[in-house]
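J.: Each residue of the sequence shown is one higher than the one before, starting from 5 at the first, in our numbering.
First the structure, which I've put down as structure tokens, then a few questions once you've had a look.
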Amino acid sequence: MENLHSSARLFGGNTPGNISTKLTMAAFISIALYNAVELFVLILLTFHRYTGVYFWSILLSNTMGVIPATIGSLLDFYDIGPLWLILTVSNVGFWFLVPGQSVVLYSRLHIISQNYKALKWLRNIIIVDSIALIIPTTVLYYGAAYFKTHPWNQAFTIIERIQITWFCAQEILISTFYIWETVKLIRFHHDRQRSRLLYELIAINLVAILMDVTLLALEYLDFYFIQVIIKSSVYSIKLKMEFAVLGRLIAIVHFRRAEPVCHDVSGTSSSVM
């Protein structure tokens, strides 16, 4: 596999003739777009009130993250449209897809944890990291694509690895905190059905962590092209898993209260649906 980290673009119109590459690209694009459309419909049908950080974070991460990121990769791969359009669509997808995933993970922590100090700390990390990484990544992405010089490409390669490493570590941190708090709930509650639901939540989070590690490994093995292609599909699957988590959290809440409630990021109670 050619080291494709020499440029911010995938192939810049030089689409490889290997039919397997084209079929693989088409397959992952189809998976990502199908998951995005399906999840969009499920979100609108499931939530009775279109409010709250969880609702908006998963909705925007899906519609403004997965879909633009997937279309951006498609435009880049086949060099369709002007360069500014390709870069802008890809960047918008990145803004909502990657940092947005951390917000989705964070927004449902209040249901299982009352450690408000830790929750506030995680919230501040997400805000600071998003600002600190989105701006330089965006600037260097445009610069590397337009100027195509070694310094710009090298700078983009460095910031690309920094941001994917940091956001991966951030998501793993949030998922680990979630697993830790879930394990504590299992220790204090011996109801078999509820414990089974909690174990399912742990399993889902472990799978999400494995997906993050896979993307990170592809990045450092210089399979940049593969990492970009499957990234939208992986995140679309993770968002669908998050929706599955929501269903199980609601089931757990039913064990505690007659009416399902959850907490938004401000810590106040609100309807889940």
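We treat Cβ as the ideally placed atom computed from N, Cα and C, and that holds for glycine.
Note that this is a predicted model, so its numbers are computed, not measured.
1. Taking the alpha-carbon positions, what's the I23 to M29 distance?
2. Can you check which of these residues, L63, V132, I131, is closest to V45 by C-alpha distance?
3. DSSP state of I23, grouped into three classes?
4. Given this structure, state the Cα-to-Cα distance separating N209 from K26, to the nearest angstrom.
5. I think S240 touches F171, with their Cβ atoms under 8 Å apart; what is that distance to the nearest whole Å?
6. Using a 10 Å radius around the Cβ and a threshold of 16 neighbouring Cβ atoms, would you call F151 buried or exposed?
7. Enumerate in chain order the residues of its own chain whose CB-to-CB distance from W60 is below 7 Å, with the five nearest sequence positions on each side excluded.
8. Can you grab the Cα-Cα spacing for the pair P72 / Y54, in whole Å?
9. Mind pulling the alpha helix (DSSP H) runs of 4 or more residues that sit fully within the region 16-85?
10. Can you confirm whether the region 226-243 touches the region 31-41 when touching is taken to mean that 3 or more C-beta pairs between the two stretches lie within less than 8 Å?
11. To which residues of the same chain is V108 closer than 6 Å at the C-beta, ignoring the five residues directly before and after it?
12. Between the alpha carbons of I47 and L205, how many angstroms are there, rounded?
13. State yes or no: is the C-beta of N95 within less than 9 Å of the C-beta of V70?
14. Just to confirm my understanding: we take L91, look at its own chain, exclude 5 residues before and 5 after, and list those with CB closer than 7 Å. What are they?
15. What span of residues does the alpha helix (DSSP H) with H154 cover, start to end?
16. Give me the Cα-Cα distance between A207 and P140, rounded to the nearest whole angstrom.
17. Kindly indicate which three-state DSSP category Q105 falls into: helix, strand or coil?
18. Answer yes or no: do L250 and R112 have a C-beta to C-beta separation smaller than 9 Å?
19. Do L253 and I130 come within 9 Å of each other at the CB atom, strictly closer than that value?
20. Could you check where the alpha helix (DSSP H) with D280 kicks off and where it finishes?
21. Alpha helix (DSSP H) containing I129: first to last residue?
22. Helix, strand or coil: how does DSSP classify I115 here?
23. Confirm, please, whether the CB-CB distance from P103 to D133 is below 9 Å.
T.: According to the data block:
1. 10 Å
2. L63
3. helix
4. 32 Å
5. About 16 Å separates the two Cβ atoms, so there is no contact after all.
6. exposed
7. none
8. 22 Å
9. 23-50, 57-64, 71-82
10. yes
11. S61, I62, S65, E246
12. 19 Å
13. no
14. Y145, Y146, A149
15. 154-192
16. 35 Å
17. helix
18. yes
19. no
20. Past the boundaries of the shown model lies residue 280; the chain is included only from 5 to 277, so the question cannot be answered.
21. 120-151
22. helix
23. yes
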